[in-house]
Amino acid sequence: MEDKTLTWKDVIHFATKGNLEPDTRVEKTEAKWREILTPEQFRITRQAGTEAPHTGALCSRYDAGVYNCVCCNTPLFDSTIKFNSGTGWPSFSQPIKNNVIKYIKDSSFGMVRVEVQCSTCDAHQGHVFPDGPEPSGLRYCINSGAMVMQTEDETKEKETN
């Protein structure tokens with residue numbers, strides 16, 4: 001599937017019929033994840049936790065760069081598609097590539113939602129909702145603790161070294 005702007009219809013299709021294959025897979029034991037992640041990162045990414053609204057370090061950060069999975073460093077979201085949803089969590093309208101996010105039907109807490117995970121390592125990122133801006137209409141509501149931001153300056157520095 002060529003990368004295209006995903007819609008809510010695509011999200012529901014992936015959540016019910018199966019997800020796109022990631023470019024690569026990263027698998028570690030629970031002990032190894034605990035070793036490399038902070039307790040809060042582990043709770044969020046490996047136990048499907050949620051940080052309190054308006055508390056995440058990346059919520060109000062809007063500098064240019066890429067948001068990577070904190071577990072495996074896979075690029076997930078670009079700063080150009082980040083927006084202020086007013087929800088208290090970083091919000092994005094599209095993943096950086098269609099196959100970097102895995103969609104899972106989530107019926108917890110007496111409601112039906114769509115959980116989003118990093119497709120490379122299965123790290124819980126947050127949820128996606130159909131109330132975002134055009135053209136996708138999607139709002140990826142993501143935990144700051146599930147991501148690490150790599151600024152454009154950091155990317156350029158790595159490329160020159």
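In the working numbering, the protein residues as written are 1 to 161. Glycine residues also receive a C-beta, built at the ideal position from the N, C-alpha and C atoms. As the structure is a prediction and not an experimental result, all values here were calculated from the model.
**Study point:** Residues that N68 bridges to, as DSSP identifies them
**Key:** Counted from its first residue, the sequence shown places residue 68 at position 68. Its beta-bridge partners are P75, V148.
Point to revise | Nonlocal neighbours in the same chain, by C-beta distance under 6 Å from H124, ignoring five residues either side | key: Against the sequence shown, residue 124 aligns to sequence position 124. Shown here for H124: same chain residues with a beta carbon closer than 6 Å to its own, the five before and five after excluded, namely T45, A48, Q117 in chain order.
**Study point:** Bridge partner(s) assigned by DSSP for S91
**Key:** Taking the sequence shown and counting its residues from 1, one reaches residue 91 at position 91. Bridge partners of S91: F83, C141.
Practice item. Compare the Cα-Cα distances from N143 to each of G18, H54, F14, W33 and report the closest residue. Key: Here residue 143 corresponds to residue number 143 of the sequence shown, with the count starting at 1. Ranked by Cα distance from N143, the first of G18, H54, F14, W33 is H54.
Review point. Can you tell me where the beta strand (DSSP E) with D106 in it begins and where it stops?
Key: The residue given as residue 106 occupies position 106 in the sequence shown. Element bounds for D106: 101-106.
Review point. Near N19, what residues of its chain come up, given a Cβ to Cβ distance below 7 Å and the 5 sequence neighbours on each side ignored?
Key: For the purposes of this step, residue 19 is taken as the residue at position 19 of the sequence shown. K102, Y103, S119.
**Study point:** Close-in-space but distant-in-sequence residues of the same chain around N68 (CB under 8 Å, 5 per side omitted)
**Key:** Reading the sequence shown from its first residue, position 68 is the one you call residue 68. Excluding sequence neighbours, N68 sits near T74, P75, L76, M147, V148, M149, Q150.
Check your understanding: Distance, Cα to Cα, S93 vs S107?
Key -> Numbered from its first residue, the sequence shown carries residue 93 at position 93. Numbered from its first residue, the sequence shown carries residue 107 at position 107. Looking at the two C-alpha atoms, the distance is approximately 23 Å.
Review point. Hey, would you say the C-beta of G86 is under 6 Å away from at least one heavy atom of the ligand MN?
Key: This structure lacks the ligand MN, and indeed carries no ligand of any kind.
Check your understanding: Where does V128 sit, in a helix, a strand or coil, going by DSSP?
Key -> In the sequence shown, counting from the first residue as 1, residue 128 sits at position 128. Residue state, collapsed to three classes: strand.
Exercise for review: Might you give, ordered along the chain, the residues of its own chain that have their beta carbon closer than 7 Å to the beta carbon of T24, omitting 5 neighbours on each side?
Suggested key: Working through the sequence shown from its first residue, we reach residue 24 at position 24. Taking C-beta separations shorter than 7 Å and ignoring five residues to either side along the sequence, the partners of T24 in its chain run T120, following chain order.
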